[in-house]
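Participant: Just passing along the structure, written as structure tokens.
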């Protein structure tokens, strides 16, 4: 007998993939240059040259037998050490190799972090605008995702509501900065305030509330943005990372979980990750990419195009009268839907072959998401069309 | 608060890894040539040359941007089509690309199959000698693994006991042939008998009992062995595969699940795998290895050394008087512990620097597992030492 829970999930169709499919259809009809597809959050720039250089070095110099063997449980020691060193160099943190556990990218990182610090039936608190997949990740851990409604003025954290919602039913708090879908980056003051609140609530409730920090966009931050390394402000932080965006390797499934060495049970949690892998079907991250990371870090793709696109869109849209919080990073922004009639707005956008993602799935129904990880030429030629929408 | 379930799992130390660590220690003490380590089931031969050739071709000819992008949910269409074609060519099956779902190797394949055809609280029936990790894979799906005791004469399936145990609490049956730890390959007659029993029980119980066939050793079968393609004999079969053994790529995490197109809900199950991925932290298999597979299949490593090692060990051990079922494939065999005193046997083996895995973890406490995926030289020099143990 098949498991109907998964069949039921199939009924919640993924609107983003539906829109992307529509965009593909339109590209076939009117030509790729005439479709302004802002749906998918997939890098639009290649990996840095260092990545293919490292692969060539492995093929030229590596032993074809030993290089593909099993790693120890958390991954290659040299890769874990390199990641720790890179974090410490850039953020003044104090990770060591043993605090890092290699994973098959963001979804796997979150699956491990969530399972380690919750038990089935617990609740995980997140903040709108919220990445629509988190709900399913939490469900997989047997937990319910509870979302603090969006502060619709600035899309930041509403601390009064957060404080009220942080009751004994909450086991972990999940944040995502730089943020998908808004592009917002929480500043140092916000992170300090959140850390204070979590410390106070942990003391009040007599339990450790872990902070799960999902940071796949950490390396895509625009000039002048205050982007604190969150784990430095709250000891009980588990950092979830993926190289999908920073190295433009989304199909390769490589990332890590890093447990702050000052976190309660820090060492034990990393050991628990091994057991979580065993039971969840995850069993180590592809070793070839671990070897590449050890060679190329701290390289990133040339992510400057995202800032260029962000500025072009932000300036043009606000010029036309769109209300929009200025993105501080990522390749997303989240303008407010102008006028009162949402359906009319999206209809008009589609008539102009501008494909946008409605904010409903991100629990921001008055906004839409723009994923501007597209060629700048597309952005430039789209601007005039956005003018038609207001 | 951390999840104590995973902490509890840490208490069940993995005896195989402990023994392998002991072997490493002894290698450092007495030199690698003087330790006869038969613990770990990791390939001892390199991948075929075609694998690195394919990687070079990708680097030389592929577009460094597009080649690392996200794939569609189940993986690259061309890889899935190639796998289907390869299965059909060799086994006369009728898979198409849509029946294949790419995974991060065996653990992930089993996680998907188990979650698709059970609900938490269900039981999954397996057969001793049984791979010790299955228990944890089942636990991850919320299920209990129930094991038919070993037929200690031939290590095959005891059908009388199986028939009694196949009651309404069982949702799926899990088999592994060629078998880890015994090296046994179920012959056509056995598979036909099992298929008949499953059909009869499905009818009796009014539900579809799916057969989950774990086949990572399918390509390591010795000459003269009757090794039927199991899915051909029972429609409701889900094939779990990994390229870890056949292509000697255990660290790269690449495999697939194939649903027999004639299975009940065959198409739906593959769609469900996408939802299972979403909730389990799995999110696609590394695309570089999918591209390599599309180029190299049906290549395998030169696995002939395993048969050579098997014959050397089998002939010598049975010559000394060990009782042992002759392995038909894999790189394992499972002799009976000679004499009455198990502790004395393993102690004497260790004194001779022969490192063996006791059968307890495989629910065959009167046997031991020999993993002979080691250089033939080690096998040859070990033989005389086995003579000292009887």
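Chains as they are written, first to last, in the working numbering: chain A, 57 to 446; chain B, 57 to 446.
We put the CB at the ideal spot given by N, CA and C, even for glycine.
As the structure is a prediction and not an experimental result, all values here were calculated from the model.
Would you call the CB atoms of residue 243 of chain B and residue 282 of chain B closer than 8 angstroms?
Facilitator: yes
Participant: In chain B, what lies closer than 9 angstroms to residue 121 of chain A by C-beta?
Facilitator: 99, 100, 101, 102, 103, 304
Participant: Work out the CA separation of residue 129 of chain B and residue 368 of chain A for me, nearest whole Å.
Facilitator: Residue 368 of chain A and residue 129 of chain B have their C-alpha atoms roughly 33 angstroms apart.
Participant: Roughly how many angstroms separate the alpha carbons of residue 336 of chain B and residue 373 of chain B, rounded to a whole number?
Facilitator: 44 angstroms
Participant: Just to confirm before moving on: does the CB-CB distance between residue 206 of chain B and residue 200 of chain B stay below 8 angstroms?
Facilitator: For residue 206 of chain B and residue 200 of chain B, no; Cβs fall outside 8 angstroms.
Participant: For residue 304 of chain B, collect the residues of the same chain with a Cβ closer than 7 angstroms to its Cβ; drop the 5 residues on either side in sequence, then sort them by chain order.
Facilitator: Cβ neighbours of residue 304 of chain B beyond the five flanking positions: 99, 101, 102, 103, 357.
Participant: Could you tell me the distance, in whole angstroms, from the CA atom of residue 430 of chain B to the CA atom of residue 364 of chain B?
Facilitator: 11 angstroms
Participant: Taking a contact to mean a Cβ-Cβ separation below 8 angstroms, would you say residue 96 of chain A touches residue 327 of chain B in this structure?
Facilitator: The Cβ-Cβ distance between residue 96 of chain A and residue 327 of chain B does not fall below 8 angstroms.
Participant: What number of angstroms, rounded off, separates the C-alpha of residue 161 of chain B from the C-alpha of residue 422 of chain A?
Facilitator: 42 angstroms
Participant: Closer than 9 angstroms between beta carbons: that is the criterion. Which residues of the region 336 to 361 of chain A meet it against chain B?
Facilitator: Cβ contacts with chain B come from 336, 337, 338, 339, 340, 341, 342, 343, 344, 345, 346.
Participant: Cutting at 8 angstroms between CB atoms, please list the residues of its own chain near residue 265 of chain B, excluding the five before and the five after it.
Facilitator: 222, 226, 227, 228, 229, 254, 257, 258, 292
Participant: Measure the alpha-carbon distance for residue 121 of chain B versus residue 341 of chain A and round it to whole angstroms.
Facilitator: 21 angstroms
Participant: Rounded C-beta distance between residue 390 of chain B and residue 237 of chain B? I'm assuming under 8 angstroms.
Facilitator: 5 angstroms
Participant: Anyone know if the C-beta pair for residue 311 of chain A and residue 329 of chain A falls short of 8 angstroms?
Facilitator: Cβ atoms of residue 311 of chain A and residue 329 of chain A: not closer than 8 angstroms.
Participant: How far does the beta strand (DSSP E) with residue 147 of chain B in it extend, from its first residue to its last?
Facilitator: For residue 147 of chain B, there is no enclosing beta strand (DSSP E); the residue is part of the alpha helix (DSSP H) that begins and ends at 133 to 147.
Participant: If you measure beta-carbon to beta-carbon, which residues of the region 257 to 271 of chain A are closer than 8 angstroms to chain B?
Facilitator: 263, 264
Participant: Within the region 205 to 277 of chain B, note down every full beta strand (DSSP E) run reaching 3 residues or more, in order along the chain.
Facilitator: 226 to 232, 266 to 270
Participant: Closer than 8 angstroms, CB to CB, is residue 254 of chain A near chain B or not?
Facilitator: no
Participant: Measuring alpha carbon to alpha carbon, tell me which residue in A:248, A:424, A:418 is nearest residue 188 of chain A.
Facilitator: A:418
Participant: From the DSSP secondary-structure annotation, give me the bridge partner or partners of residue 115 of chain A.
Facilitator: Answer is none; residue 115 of chain A lacks a bridge partner.
Participant: How far does the beta strand (DSSP E) with residue 171 of chain A in it reach, from first residue to last?
Facilitator: No beta strand (DSSP E) contains residue 171 of chain A, which is instead part of the alpha helix (DSSP H) from 161 to 172.
Participant: Could you work out which residue in A:249, A:125, A:286 is closest to residue 339 of chain A when comparing CA atoms only?
Facilitator: Of the candidates A:249, A:125, A:286, the one whose C-alpha sits nearest the C-alpha of residue 339 of chain A is A:125.
Participant: Name the DSSP bridge partner or partners of residue 413 of chain A?
Facilitator: A:425
Participant: Can you tell me which of A:362, A:270, A:143 puts its alpha carbon nearest to the alpha carbon of residue 190 of chain A?
Facilitator: A:270
Participant: For the region 339 to 369 of chain A, which segments carrying the alpha helix (DSSP H) assignment without a break, of at least 4 residues, lie completely within its bounds, in sequence order?
Facilitator: Those alpha helix (DSSP H) runs which fall completely within the region 339 to 369 of chain A and span 4+ residues are 343 to 352.
Participant: Within 8 angstroms (strictly less), CB to CB, does residue 195 of chain A reach chain B?
Facilitator: yes
Participant: How would you label residue 308 of chain A, buried or exposed, when you count the other beta carbons within 10 angstroms and need 16 or more for buried?
Facilitator: Flag for residue 308 of chain A reads buried.
Participant: Can you tell me the Cα-Cα spacing of residue 89 of chain B and residue 167 of chain B, whole angstroms?
Facilitator: 39 angstroms
Participant: Would you mind giving the Cβ-Cβ distance between residue 155 of chain A and residue 172 of chain A, rounded to the nearest angstrom? I have them listed as a contact below 8 angstroms.
Facilitator: In fact, because the Cβ distance is near 13 angstroms, the residues do not count as touching under 8 angstroms.
Participant: Under a CB-based cut-off of 8 angstroms, is residue 309 of chain A close to chain B?
Facilitator: yes
Participant: Find the residues of chain B that neighbour residue 17 of chain A, judging by a C-beta separation of less than 8 angstroms, and give them in chain order.
Facilitator: In the structure displayed, chain A extends from 57 to 446; residue 17 of chain A sits before or after that span and is not available.
Participant: Going by beta carbon distance, what residues of the same chain come within less than 8 angstroms of residue 440 of chain A, once the five residues before and after it are set aside?
Facilitator: none
Participant: Determine which residues of the region 144 to 175 of chain A have a Cβ less than 9 angstroms from any Cβ of chain B, and write them out in chain order.
Facilitator: 159, 160, 161, 162, 163, 164, 165, 166, 167, 168, 170, 171, 172, 173, 174, 175
Participant: So, is the C-beta of residue 325 of chain B closer than 8 angstroms to a C-beta in chain A?
Facilitator: At least one CB of chain A lies nearer than 8 angstroms to the CB of residue 325 of chain B.
Participant: Keeping to the same chain, check which residues put their C-beta closer than 8 angstroms to that of residue 288 of chain B; ignore five residues upstream and five downstream.
Facilitator: Result list for residue 288 of chain B: 147, 148, 149, in chain order.
Participant: Closest by CA to residue 220 of chain A, which one among A:274, A:76, A:346, A:204?
Facilitator: A:204
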